[in-house]
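Below is one structure, written out as structure tokens; the observations come after it.
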Amino acid sequence: MLPLAGLLIRAPWSTLPQRLTEPGVLAALRLSLLTATLATALCLLAGVPLAWLLARTTFPGRRLVRALVTVPLVLPPVVGGVALLLVFGRRGLLGGWLDATLGVTLPFTTAGVVLAEAFVAMPFLVISVEGALRAADARYEEAAATLGAGRWTAFRRVTLPLIAPGVAAGAVLCWARALGEFGATITFAGNFPGRTQTMPLAVYLALEQDLDAAIVLSLVLLAVSVLILAGLRDRWLGTS
Amino acid sequence: MTLDAHLVVRRPGFTLDVPLRAEPGEVVALLGPNGAGKTTALRALAGLIALDDGYVRLHDRTLDDPAARLFIAPEQRRIGVVFQDYLLFPHLSAVDNVAFGPRCRGLSRAESRRRADDLLTRVGLAEHAGKKPRQLSGGQAQRVALARALATEPELLLLDEPLAALDARTRLDTRAHLRTHLGAHAGPAVLVTHDPLDAMMLADRLVIVEDGRVVQTGDAATITSRPRTDYVARLVGLNLYRGHAEGIRVQVGGGFTLTTATPHTGDVFVAFPPAAVALYAVRPEGSPRNTWQATVTAVARHGDALRIELTGPVAVAADVTPAAAVQLGLEPGREVWAALKATEATAYPA
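Sequence order for the protein chains is A and B. The first sequence begins at 0 in numbering that gives the first Met the number 0 and counts up one residue at a time. The second sequence begins at 0 in numbering that gives the first Met the number 0 and counts up one residue at a time.
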């Protein structure tokens, strides 16, 4: 709590309204919210099926895959950014091909920010959803099968509603992690205002020039995170 | 629509090997102790586990045949299952649970809903259609589960311990209700239970499974009068001995001989009800052909009578009235004389 208190005490409250309306702040905030949300969507699309595979099927190398999924948790984000550059950079494993055939360039773009955030935040979603799947009774899927539901229908109409709280919890953790992402983003996507400069990057940059600006940006990030997490938490508790 | 199956499932330390046939409209009960492999057999029929050997044929279609590398997934089989704890989808209302199957089989939303409403009316739950499973009582949940299984118009109906989760009062009503619906089902039905009463009330034919194998099969009358294993004998409440017959005298082991009503030659079973065994303080004179000395090991209530467990040349259960028990001073350790009329002891070939 002490660092948070420090932030509040040192805040330049008198000039706060004026600083908040600076165009750079709003742009960074908008970009942060947008990329964190898109990264969460990306994690949901890729992570939920991955969690299902890990929880419900057996295939050779499953333990290895599970270990790999959690690697971004322990990997310094900067290293993750370097790894992404090696794969998706202009001269990376896939980057050159993507650029040549599809005309898609990921590094130093907003899409790159989303990718970097998704890479770092994915484990939070997969671990949460896999846990929910393991806790859910697989026999409901069997019951669905005897009623004529294929695997996809059974998953969509039976399993997914049963594990919805776990998916939601994973998505929120994932979103929160994506919102605060710094290392992988600055390495892979750079720091271009309006395009790849998210709030954490703006805070870091401001810190080198203007401490008060950094404090204001940090406060904004803190307020947004707390508001959204608290709001979602209440909603779950209300419905569950 | 005939079910013709030979179910072979191998697990470490356990092999299920059960031939099974059920004609259209016939209800077959798989009866056996816990761990006998009944539920495994049911899951193999439903396609929830694959056979290791044997086959499952329903009507003219082979559903599982490992030798031919053929396996039809459960969702492709037309088999309705009522699970032991029902497995109603907790997030769907009763009517949506029932409509789930028809929806998966390609019916429109409205059509599925209509069929579900119709089925819920038939099982007497029309006014509970909108309730979630957790708001239903055990008996109601069982009916919804039955309606859900019937909604896909299955060719084969499977029921796993359909009454096990219910209390005694609900059980009686639900059993009668289930009997009606099983009677109305055109295809074969297979019922798994460890309760002989459920099996005899609901099924046309009983298949007794012990330790993964069929030990006896037949209708309720045959099973109750001529048990062939200790488990079945205990189920139907008979004393059962295996022995060697020469005429009306049967050697049942330990040098002990029982005299029976009908002459046989060779290996036979001898069965008689506990109520046929009379107990005396002193050796009885006169008519009973079988008398022996025995020691009481246990006394327990059994309906209106007391069931006395005795050891001696043979272990035997006897039913006596409470008054007689008091008069004889029956308690563990008491020595008595047991007598059995030859006419009460039935012998039949082993």
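Beta carbons are placed, not taken as given, at the ideal position from N, Cα and C, and that holds for glycine.
Minimum Cβ-Cβ distance from residue i to chain A less than 8 Å
i, result
"P71/B", "Correcting the residue type first, residue 71/B is Ile in the shown sequence and not Pro. Chain A, which has no Cβ nearer than 8 Å to the Cβ of I71/B, makes this no."
"V80/B", "yes"
"R147/B", "yes"
beta-carbon residue i near the ligand SAH non-hydrogen atom, thresh 7 Å
i, result
"A128/B", "This structure lacks the ligand SAH, and indeed carries no ligand of any kind."
Neighbouring residues, chain B, relative to residue i (Cβ below 7 Å)
i, result
"G147/A", "E74, G100, C103, R104 and T151"
"P160/A", "H90"
9 Å Cβ cut-off: residues of chain B touching residue i
i, result
"V157/A", "F88, H90, L91 and F99"
"T152/A", "E74, R102 and C103"
"E141/A", "R42, A45, L47, P73, V80, F82 and L86"
Any C-beta of chain B under 8 Å from that of residue i
i, result
"R138/A", "yes"
"A144/A", "yes"
Inter-residue Cα distance where the pair is residue i and residue j
i, j, result
"W51/A", "P89/B", "20 Å"
"D63/B", "R56/B", "7 Å"
"A317/B", "R306/B", "6 Å"
"P32/B", "A219/B", "17 Å"
"A26/A", "A168/A", "28 Å"
"R333/B", "V191/B", "41 Å"
"T151/B", "V8/B", "27 Å"
"V77/A", "L132/A", "31 Å"
"V215/A", "T197/A", "14 Å"
"F255/B", "L6/B", "40 Å"
"I247/B", "A148/B", "52 Å"
"S239/A", "L91/B", "Annotation note: pLDDT 42 at S239/A (below 50); position unreliable, no value reported."
"G95/A", "A82/A", "15 Å"
"L162/B", "Q139/B", "12 Å"
"L257/B", "E209/B", "28 Å"
"V119/A", "G105/B", "41 Å"
"D203/B", "R142/B", "21 Å"
"P153/B", "G186/B", "8 Å"
"L43/A", "T109/A", "19 Å"
"R89/A", "R138/A", "48 Å"
"F187/A", "L1/A", "32 Å"
"I227/A", "A99/A", "40 Å"
Under 7 Å from the C-beta of residue i: neighbouring residues of chain A
i, result
"L135/B", "Here the premise fails: no neighbours, minimum Cβ distance about 16 Å."
Interface residues of chain B facing residue i [CB-CB closer than 8 Å]
i, result
"L72/A", "Within chain B, no residue comes near L72/A; the closest Cβ sits about 31 Å away, beyond 8 Å."
Buried or exposed by the 16-neighbour rule on C-beta atoms within 10 Å, applied to residue i
i, result
"I185/A", "buried"
"P71/A", "buried"
"F78/B", "The residue you asked about is not Phe; residue 78/B is Ile in the sequence shown. The residue is buried, with at least 16 neighbouring Cβ atoms inside 10 Å."
"L49/A", "buried"
"G34/B", "exposed"
"E245/B", "exposed"
"T14/A", "exposed"
"R225/B", "buried"
"I126/A", "buried"
"R10/B", "exposed"
"A43/B", "buried"
"T57/A", "exposed"
Rounded distance between the beta-carbons of residue j and residue i, thought under 8 Å
i, j, result
"P253/B", "G242/B", "Looking at the sequence provided, one finds Gly at residue 253/B rather than Pro. With 8 Å as the limit, G253/B and G242/B do not qualify as a contact, their Cβ atoms being about 10 Å apart."
"V112/A", "T34/A", "5 Å"
"A38/A", "A177/A", "4 Å"
"T223/B", "Q215/B", "Contact flag wrong, Cβ pair sits at about 11 Å."
"P195/B", "L237/B", "With 8 Å as the limit, P195/B and L237/B do not qualify as a contact, their Cβ atoms being about 12 Å apart."
"T290/B", "A338/B", "5 Å"
"R412/B", "L201/B", "This structure leaves residue 412/B out entirely; chain B is present only between 0 and 349."
Chain E within 8 Å of residue i, Cβ atoms only
i, result
"R55/A", "In the displayed structure, chain E is absent; the protein chains listed are A and B."
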